[in-house]
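These protein sequences, in sequence, are chains D, C, Z and F.
So the number in the working numbering is just where the residue sits in the first sequence, counting from 1, plus 60.
Counting from 1, position 139 in the second sequence corresponds to residue 124 in the working numbering; the numbering is continuous, with no gaps.
So the number in the working numbering is just where the residue sits in the third sequence, counting from 1, plus 7.
So the number in the working numbering is just where the residue sits in the fourth sequence, counting from 1, plus 129.
Take a look at the structure set out below.
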Amino acid sequence: MAERKKSFSVLLNGLIKENPTFRLLLGMCPSLAVTTMAKNGLGMGAAATFVLVGSNLVISLIRKIVPDKVRIPAYITVIATFTTIVQLLMAALLPEINKQLGIFIPLIVVNCIIFARAEMFAQKNGPFLSVLDGLGMGAGFTLAITIIGSVREILGAGTWMGIPVTVNLFEPAIMFILPPGGFLVMGFLVALFNKLTNKKDRNAECETGCGVGCPGCSKAVNGGEA
Amino acid sequence: MKELFAILIGAMLVENFVLTKFLGICPFLGVSKKTSTALGMSGAVVFVLVLSQAVTWLANEYLLVPNKLEYLQTITFILVIAALVQFVETVLKKLMPSLYKSLGVYLPLITTNCAVLGSALIFVERDYTFVESVVFGFAAGLGFTLALILFSGVRERLETADIPEAFKGMPITLIAASLVSITFIGFAGLIIS
Amino acid sequence: MSIIIPVAVVSGLGLVFGLGLSYASKVFEVKVDERIGAVREMLPGANCGACGYSGCDGLAEAIVNEGVHASRCPVGGISVVNAISDYMGVDEGSIDVNVARVLCQGNCDNVKMKYNYLGIEDCHAANVLAGGMDACNYGCLGLGSCKKVCQFDAIVVENGLASIIAEKCTGCGNCVAECPKSIIKLIPVLSGFTVKCNNHDKGGVARKNCKVGCIGCQRCVKVCPSDAITMVENLAVIDPQKCTNCGQCAEVCPQKCITNTIVKRF
Amino acid sequence: MFKEIIKPSLILFLVCAIMTGALAYVNSVTKPIIDENNIIAEQESLKNVYNDADNFLDAKTAEELKSEGIDVGDNIEKIYTAQKDGQSVGYVVAVFSSGYGGQMKILVGIDNDLNIEGVSLTNHNETPGLGANAADPKFTDQFLGKAPETTYNVVKSVPNNENEIQAITAATVTSKAVTKGVDEAVALVRLMAGGA
């Protein structure tokens, strides 16, 4: 029973407690750039989840045999392979989403979430748990960027998933589609997220301090010196 | 020569990597708490960006394009960048320990920095020549530095500001970033022909 | 065949980089004593700088290279100190684990106000304006500067007065340095009785400004069996080494500003 | 010596080999589909600028044209010959132009006697909501019909003659860029149709 409970908590952990976008503030580049439309957020989230699950699985399998000297290049190659596979599948099966997501599909490779989860989780746990963690984190990421996408689309273009929602209620503010709008919406959503979850674990430092540079993690922030 | 200047100004201001193209946000938000750390980080980023542009351009020109392996771009570039960063880190740690102390801590962060791979993919898309892509990398690095230092100044002033409870920490930083990025929108209309 | 070439290209690159990296890490090997890594693992890793070194890496290096005693790290507590001392083959020795305490009871009800302060919520800012809004110039302003630097959430500010939760406090001393009024002192955890006041004004002035301030009546000095209390410019100060926690001074103090804060820590 | 240097490199070599093997396999499977998609997409985009042509010969790039002695403007990317049941009835020109948000690509369908069948912006990054409006028919249909001898000129007010194009409010830079692209395409086709 404990085993199942633990794996269940690992899965849920990615959604709320350690939501990668709102709590650990990982993967900021894609979540700000691609979320001009909710549909993009969904597409990007699905692609990232596929890469996350795949790379977590493979990395947790090979973690024992890869010596520390070539650890980073080896893991990055695994992640890059899955990203390119997604890129090819996207180009073959869903050409129109691929056109919108453009440059951001290859950038999944350097999406901080994937590398951070590889370092923090897959490096230390078995394949089964890593896959669950990948799923949880992927779902959390997709949920977060779809929310951001919807907010920006409704405010900025008056539509949601392409269906006109508020286009005649008020003149859509194009600013929300532009970069500053992205930062603004993200800021308010993170604040809302902090308000909802209790204050206690808000400054939950990323406990492993792997120095991946996630903004939420104070170890990377003060760059090592006191 | 005029063409290079256009790229330099373009990448630094018009298409500023962080504030308009959304590349390299993770370290941008993570390390801009203090101006000293911001300086260290941007120095490392400019250094790696220029080196990685040169190496990735060579890899692309002589390895990928002749054998028609465009789809391998992502994996080759990121492999090159990761190896380059780790190589630079080991060399720096041995030869210049003092520089390593101030700069080296950020080197592992750069492998996962979207700006480095982003700029490599951009020079492929616009098929720049060798010199152009290195200048582009350098300009992107300068743009990153500009944004980072500008923003770390803002953040230091945020420390003493009176912020509502839920907004403390990252939310207020994001809102400040949105205001700074509005200023860079002003450069958008600049056409350097 | 269209699979051989790409595999050859990328794995060729991989091999070249693998060789390059491992060769580089061998040639440019910086002789790092692996004990530093082990000690670093044992340290709590909060990088709070209480030990005076630049974070735990700095302390680990000092412990291994300069033979600094592990007790320099107050945050870890006894378990860390013992573990590292055993590892380094050094005797644990006695450690005086300190806990920070705010030597003031001047919350909004006890102390009068010179003016109404609505500025930035920071003691340094208030302190600039004529030493802060409290009538007593030595007292705690309660604007939470110490709270901001405390990494362990051990400081709570209520009703204009900061108070330290002894169980959480690790004695790292960040708050001591931060407080503009310097009324937070590091006191050995085992000494229960402290004079919770920092006021050096004459008795009459002190009484006017604050209901619970020390008025320098010296009753505690006369009654203390082990004369651990000395008068420093109208302020009673208890010397923790001599104090035997008998508690007579607390009973006799008219202002009730000597309190007993014995904490069961270890 | 082995443990330090050979083992890590061998493992990295192996990881790269296996991963790229999988990648190459996936690529070989998806390559035909992707090429097919590209061709369909291309035909579609050509179709909607020249809808009464039924097929398009594959494109001649600017270099090929130069080698044939035709002096091509440096913004021209390539030119397709449009055919209707067998004979060539016109051309579709792909031309670059630099607008507000940087470089954009325009497709212009022109028949042999120089009236414009259609104009469309294929990829651009103009500001959404402003410059991006240049892509919808309301603006591009103004080019339909006979191309002028001289070039178009862009006016802010309501155009009063054939050669004037009404600029989109608050996006004159984009409107001018599109017009410049169309002018260059017309010039090339005038050369080709005149000469050929």
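Cβ atoms here follow ideal geometry from the backbone N, Cα and C, with glycine treated the same way.
The structure displayed is predicted, hence computed values, not measured ones.
**OP:** Quick one: residues in its chain with C-beta nearer than 6 Å to the C-beta of Z:S29, no 5 flanking neighbours on either side, listed in chain order?
**Re:** Here residue 29 of chain Z corresponds to residue number 22 of the third sequence, with the count starting at 1. Short of 6 Å from the beta carbon of Z:S29, and not among the five residues preceding or following it, lies no beta carbon of its own chain.
**OP:** Check distances from the C-beta atoms of the region 150 to 167 of chain C to those of chain D and list, in chain order, the residues that come in under 9 Å.
**Re:** Cβ proximity to chain D below 9 Å picks out E150, A151, F152, K153, G154, M155, P156, I157, T158, L159, I160, A161, A162, S163, L164, V165, S166, I167 from the region 150 to 167 of chain C.
**OP:** Would you mind giving the Cβ-Cβ distance between Z:G295 and Z:C143, rounded to the nearest angstrom? I have them listed as a contact below 8 Å.
**Re:** Any question about residue 295 of chain Z goes unanswered here, given that chain Z covers just 8 to 273.
Original post:
Leaving out five residues before and five after D:R262 in sequence, what residues of the same chain have Cβ atoms less than 7 Å from its Cβ?
Top reply: Indexing the first sequence from 1 puts residue 262 of chain D at position 202. Here D:R262 scores only 43 on pLDDT, less than 50, and its place in the model is too uncertain to base an answer on.
Original post:
Would DSSP call Z:G138 helix, strand or coil?
Top reply: Numbered from its first residue, the third sequence carries residue 138 of chain Z at position 131. In the structure shown, Z:G138 sits in coil (DSSP, three-state: anything other than H, G, I, E or B).
Subject >> Listed by chain order, chain Z residues near C:Q58 by CB distance under 8 Å >> reply: Here residue 58 of chain C is taken as the residue at index 73 of the second sequence, counted from 1. None at all; the shortest Cβ gap to chain Z is about 11 Å.
Subject >> Partner residues on chain D for F:K136, Cβ-Cβ distance less than 8 Å >> reply: To locate residue 136 of chain F, count along the fourth sequence from 1; it is residue 7. Residues of chain D passing the Cβ test: P127.
Subject >> Per-residue burial, D:F230 [other beta carbons within 10 Å of its own, 16 or more giving buried] >> reply: The count along the first sequence starts at 1 and reaches residue 230 of chain D at position 170. Around the beta-carbon of D:F230, fewer than 16 other beta-carbon atoms lie within 10 Å, marking it exposed.
Subject >> Rounded straight-line distance, which links the Cα of D:I125 to that of C:E141 >> reply: What you label residue 141 of chain C is simply residue 156 of the second sequence in a count that begins at 1. What you label residue 125 of chain D is simply residue 65 of the first sequence in a count that begins at 1. About 44 Å.
Subject >> Per-residue burial, F:G274 [other beta carbons within 10 Å of its own, 16 or more giving buried] >> reply: The sequence position of residue 274 of chain F within the fourth sequence is 145, counting from 1. Its Cβ having fewer than 16 others within 10 Å, F:G274 is exposed.
**OP:** Buried or exposed for C:F7, please, with buried defined as at least 16 other CB atoms from any protein chain shown within 10 angstroms of its CB.
**Re:** Residue mapping note: residue 7 of chain C aligns to position 22 of the second sequence, counting from 1. Under this definition C:F7 is a buried residue.
Original post:
Taking 9 Å as the CB-CB cut-off, is D:P149 touching chain F?
Top reply: Residue 149 of chain D sits at position 89 when you count from the first residue of the first sequence. For the sequence presented, residue 149 of chain D should be read as Leu rather than Pro. Answer yes: the Cβ-Cβ gap between D:L149 and chain F drops below 9 Å somewhere.
Original post:
Do the region 156 to 173 of chain C and the region 120 to 139 of chain C make contact, defined as three or more Cβ pairs closer than 8 Å?
Top reply: By the criterion of at least three beta-carbon pairs nearer than 8 Å, the region 156 to 173 of chain C is in contact with the region 120 to 139 of chain C.
Original post:
Does the beta carbon of Z:G21 sit closer than 9 Å to a beta carbon anywhere in chain C?
Top reply: One-based indexing of the third sequence puts residue 21 of chain Z at position 14. Yes, Z:G21 lies at the interface with chain C (some Cβ there is under 9 Å from its Cβ).
Subject >> Within chain Z, partners of F:E133 - CB distance below 7 Å >> reply: Along the fourth sequence, one-based indexing puts residue 133 of chain F at 4. Here the neighbours are S29, K33.
Subject >> Rounded straight-line distance, which links the Cα of C:P156 to that of D:A251 >> reply: Here residue 251 of chain D refers to the residue found at position 191 when the first sequence is read from its first residue. Here residue 156 of chain C refers to the residue found at position 171 when the second sequence is read from its first residue. When rounded, the separation of the alpha-carbon atoms in D:A251 and C:P156 is 5 Å.
Original post:
Based on the DSSP output, what are the partners of D:P224 in its beta bridges?
Top reply: In the first sequence, counting from the first residue as 1, residue 224 of chain D sits at position 164. According to DSSP, which records beta bridges pairwise, D:P224 is partnered with D:T219.
**OP:** Answer yes or no: do F:L259 and F:I297 have a C-beta to C-beta separation smaller than 9 Å?
**Re:** As a position in the fourth sequence, residue 259 of chain F is number 130, starting the count at 1. As a position in the fourth sequence, residue 297 of chain F is number 168, starting the count at 1. The criterion of a C-beta distance shorter than 9 Å is satisfied by F:L259 and F:I297.
Original post:
Looking at C-alpha atoms only, which residue of D:G242, D:V118, D:G247 is the closest neighbour of D:A93?
Top reply: The count along the first sequence starts at 1 and reaches residue 93 of chain D at position 33. Shortest Cα-Cα distance from D:A93 to any of D:G242, D:V118, D:G247 involves D:G242.
**OP:** Output the boundary residues of the alpha helix (DSSP H) element that contains C:L(-11).
**Re:** Locating residue -11 of chain C in the second sequence gives position 4, counting from the first residue. Bounds of the alpha helix (DSSP H) holding C:L(-11) are -13 to -6.
**OP:** Measure the C-alpha to C-alpha separation of C:V173 and C:E0 and round it to an integer number of angstroms.
**Re:** The residue you call residue 173 of chain C lines up with position 188 of the second sequence. The residue you call residue 0 of chain C lines up with position 15 of the second sequence. It is worth fixing the name first, because residue 173 of chain C is Ala in this sequence and not Val. A straight line joining the alpha-carbon of C:A173 with that of C:E0 spans about 8 Å.
Original post:
What do you get for Z:I171, buried or exposed, if any count of 16 or more other CB atoms within 10 angstroms of its CB means buried?
Top reply: One-based indexing of the third sequence puts residue 171 of chain Z at position 164. Buried: at least 16 other Cβ atoms inside 10 Å.
Subject >> Cut-off 6 Å between Cβ atoms - residues of its own chain near Z:K154, not counting five sequence neighbours on either side >> reply: Within the third sequence, residue 154 of chain Z is the residue found at index 147, counting from 1. Once the five neighbours on either side are set aside, the close Cβ partners of Z:K154 are I162, V164.
Original post:
Shorter than 9 Å from the beta carbon of F:N166 to some beta carbon of chain C?
Top reply: Counting from one through the fourth sequence, the residue named residue 166 of chain F turns up at place 37. Interface flag for F:N166 against chain C is unset, since no Cβ pair is found closer than 9 Å.
Original post:
Taking Cβ positions only, does Z:G44 come closer than 9 Å to chain F?
Top reply: Within the third sequence, numbered from 1, the residue matching residue 44 of chain Z stands at position 37. Judged by the 9 Å Cβ criterion, Z:G44 is not in contact with chain F.
**OP:** Evaluate Z:P232 with the Cβ neighbour count: other Cβ atoms within 10 Å of its Cβ, from every protein chain shown; 16 or more gives buried, anything less gives exposed.
**Re:** As a working note, residue 232 of chain Z is residue 225 in the third sequence. Around the beta-carbon of Z:P232, fewer than 16 other beta-carbon atoms lie within 10 Å, marking it exposed.
Original post:
Between the Cα of F:S304 and the Cα atoms of F:A276, F:E291, F:L250, which residue gives the shortest distance?
Top reply: Indexing the fourth sequence from 1 puts residue 304 of chain F at position 175. For F:S304, the nearest C-alpha among the options comes from F:L250.
Original post:
Near C:I107, what residues of its chain come up, given a Cβ to Cβ distance below 8 Å and the 5 sequence neighbours on each side ignored?
Top reply: The residue given as residue 107 of chain C occupies position 122 in the second sequence. Closer than 8 Å at Cβ, skipping near neighbours: F121.
Subject >> Minimum C-alpha distance to D:I174 - residue among D:A151, D:I132, D:S210, D:M150 >> reply: Position 114 of the first sequence, counted from the start, is the residue given in the question as residue 174 of chain D. Out of D:A151, D:I132, D:S210, D:M150, D:I132 has the C-alpha closest to the C-alpha of D:I174.
Original post:
With 9 Å set as the bound, which would you pick, yes or no: does the beta-carbon of F:T190 sit closer than that to a beta-carbon of chain C?
Top reply: Here the question's residue 190 of chain F lines up with position 61 in the fourth sequence. No - not a single Cβ of chain C is within 9 Å of the one on F:T190.
Subject >> Buried versus exposed call for C:Y47 [16 or more other C-beta atoms within 10 Å across all chains shown] >> reply: For this step, residue 47 of chain C is matched to residue 62 along the second sequence. Exposed.
**OP:** Can you grab the Cα-Cα spacing for the pair Z:C256 / Z:C250, in whole Å?
**Re:** Position 249 of the third sequence, counted from the first residue, corresponds to residue 256 of chain Z. Position 243 of the third sequence, counted from the first residue, corresponds to residue 250 of chain Z. In a straight line, the C-alpha of Z:C256 is about 10 Å away from that of Z:C250.
Original post:
Do we get a CB-CB distance below 9 Å when we pair C:A44 with the residues of chain F?
Top reply: The sequence position of residue 44 of chain C within the second sequence is 59, counting from 1. So no, C:A44 is outside the interface.
Original post:
Ends of the alpha helix (DSSP H) at D:V138?
Top reply: As a position in the first sequence, residue 138 of chain D is number 78, starting the count at 1. For D:V138, the uninterrupted alpha helix (DSSP H) run begins and ends at 131 to 153, by DSSP.
Original post:
At a CB-CB cut-off below 9 Å, which residues of chain Z make contact with C:K6?
Top reply: Residue numbering aside, residue 6 of chain C sits at position 21 when the second sequence is read from its first letter. For C:K6, there are no neighbours in chain Z by C-beta distance under 9 Å, as the nearest C-beta there is about 28 Å away.
Subject >> Residues that F:L259 contacts on chain C, provided the C-beta gap is smaller than 9 Å >> reply: Taking the first residue of the fourth sequence as position 1, residue 259 of chain F is located at position 130. Per Cβ cutoff of 9 Å: no residues; F:L259 is ~11 Å from chain C at best.
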